[in-house]
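In our numbering, the protein residues as written are 5 to 571. All C-beta atoms, glycine included, are put in the ideal place defined by N, C-alpha and C.
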Ligand SMILES: [Zn+2]
Ligand SMILES: [Zn+2]
């Protein structure tokens, strides 16, 4: 007869393994979505996205999740699963693949969009692309994963159900409940409902982007109706429509409106041309050859037969639309009578840039149709009514809001509470948090590094210190002083040289610069008289004296860079 310890040991061995999820990005910001799903010591990465920099990050091209946790556990990573093709979910893949070589799962379109950057980085040989179909269930690392169709602002996105040792973990992906999607491919609520019944959903992670917006997001097809109306109202005029290049359903509706009004379609901008080609190849875009025309040939057509679909809806400085607005596009010269439709909403932070582009378009004499004038755009994310619908169908035991700024997460949790999820079973997590799901429920695990990783040129060498310096330089400028001293005789050998950028305009401020030089010379001589000899303390003296003088005389705080050389 085995003793009770042996029975307990055996029971413990039979307990299913815990499931663990670690959030590396996307919880507390819109962007750089990335999570690690773990069981039996194996890891599946769910999305690996980028975030676009805000004005507080001068010179930064992109922001990545801190991938050090994955780098440290590289041998344990079995796969990457991509929910859909947006950059905030796929744009970091090229950086992740520097450290590991794994299969990447996603829909054909998602993989097609994601592979662009990976190819540009020359890392194609480090990845095996694995296409998955709607509703497919297959082994991915330590789990079975089922790919459930959802509607969103890029076609062929998925919610993903992971069948773990601890039950079903359902991740919504980015989604809305579009009841009339352009391609008829609905969010598969029926499947989610059947999972909720059998075997039940233990943990739901859901998109929080629009958790503060009441009601329901309008259907994508409503934009098609608006476009047809706008096109009809501007017969005889050239039409230029800008939208996200990955929003192929929007592009389809622009093309349909163009064809219905007797126009040919030309693409403008590299990513638009590339994505239209990809969409047509995959059968997602239905635009016959005869409906397309090269953008260089549009001048041969009458104005009323032209529709140009262009990149640049976010006011990106070098995009096709910005160049047109500045009168610098070599391909399309805007003129009075042209109509520009901005079929997008500025991402928070881009409003100013988009505003400037709209100004430029008006300056060229064009008419501008944007969301302030006509409903030429709808969101790709679920509002409160849709989030509540998902919660009511999924009926999860545990709930964690994902994909949002902190306030979106908090408000999404409140929605879940209003739907009857118990307070202690709805958790707000942030980047770096980890959760462990076992038989008893969810416990918070140890935190991992999840700070911003800044990309400027090459990745990783821009830290917080560098950014702080850049902010001071941008806001206050720099004053540099170079002094040569003879510490043994206690003398400043020649008047210190003061050089500045961004503090005062030097040619008009000679008196200030001379005063600065004299101030530093005096301070150094005094310090040497008191026994200071080493370079470090003399530089400290120079910085303090110059900083004080600059502050008192100009009420400014530029960066002070002292260089003291001994002879
Ligand atoms: Zn998305
Ligand atoms: Zn997203």
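Secondary structure note for residue 275: it is in no beta strand (DSSP E), and the uninterrupted alpha helix (DSSP H) holding it is 274-285. Out of 113, 119, 88, 528, the CA that lies nearest to the CA of residue 101 is found in 119. Distances between the C-beta of residue 211 and the heavy atoms of ligand 1 are all 6 Å or more. Looking from the CA of residue 96, the closest CA among 53, 461, 122 belongs to 53.
Only residues of its own chain outside the window of five on either side were considered, and among them 316, 319, 320, 361 have a CB closer than 7 Å to the CB of residue 326, listed in chain order. Set against 6 Å, the gap from the CB of residue 187 to the closest heavy atom of ligand 2 is not smaller. In chain order, the residues with a C-beta atom nearer than 5 Å to some heavy atom of ligand 1 are 90, 178.
The beta carbon of residue 392 lies closer than 7 Å to those of 419, 423 in the same chain, with the five residues before and after it left out.
Pairwise C-beta distances place the segment 150-159 in contact with the segment 187-202, as three or more of them are shorter than 8 Å. Taken through DSSP and simplified to helix, strand or coil, residue 235 comes out as helix.
Take the alpha-carbon of residue 554 and the one of residue 524: they are about 11 Å apart. Around residue 103, the same chain offers 71, 74, 75, 78 as residues with beta carbons nearer than 8 Å, after the five sequence neighbours per side are excluded.
Residue 560 holds the alpha-carbon nearest to the alpha-carbon of residue 476 among 204, 388, 530, 560. Here the segment 249-268 lies against the segment 279-295, with 3 or more beta-carbon pairs under 8 Å apart. Residue pairing by DSSP puts residue 484 in a beta bridge opposite 503, 565.
For the pair residue 170 and residue 23, the Cα-to-Cα distance works out to about 6 Å. Under the three-state reduction of DSSP output, residue 130 falls in the helix class. Within the DSSP secondary-structure output, residue 84 pairs in a beta bridge with 49, 108. Boundaries for residue 438: no alpha helix (DSSP H) harbours it, while the beta strand (DSSP E) harbouring it runs 438-442, taken from the DSSP string. Judged by DSSP secondary structure, residue 412 falls within the alpha helix (DSSP H) whose first and last residues are 410-422. Short note on residue 138: C-beta not closer than 6 Å to any heavy atom of ligand 2. Every unbroken stretch of the alpha helix (DSSP H) spanning 4 or more residues and falling wholly within the segment 339-414 is given here in chain order: 355-367, 388-398. Taking each of 98, 231, 36 in turn and checking the Cα distance to residue 254, the smallest one comes out for 231. Secondary structure at residue 545: helix, using DSSP grouped into helix, strand and coil.
Residue ranges of uninterrupted alpha helix (DSSP H) with 4 or more members, entirely inside the segment 236-271 and ordered along the chain, are 252-264.
Residue 191 and residue 390 have their C-alpha atoms spaced approximately 11 Å apart. Inclusion of residue 92 in the 6 Å shell around ligand 2 follows from its C-beta lying nearer than that to a non-hydrogen atom of the ligand.
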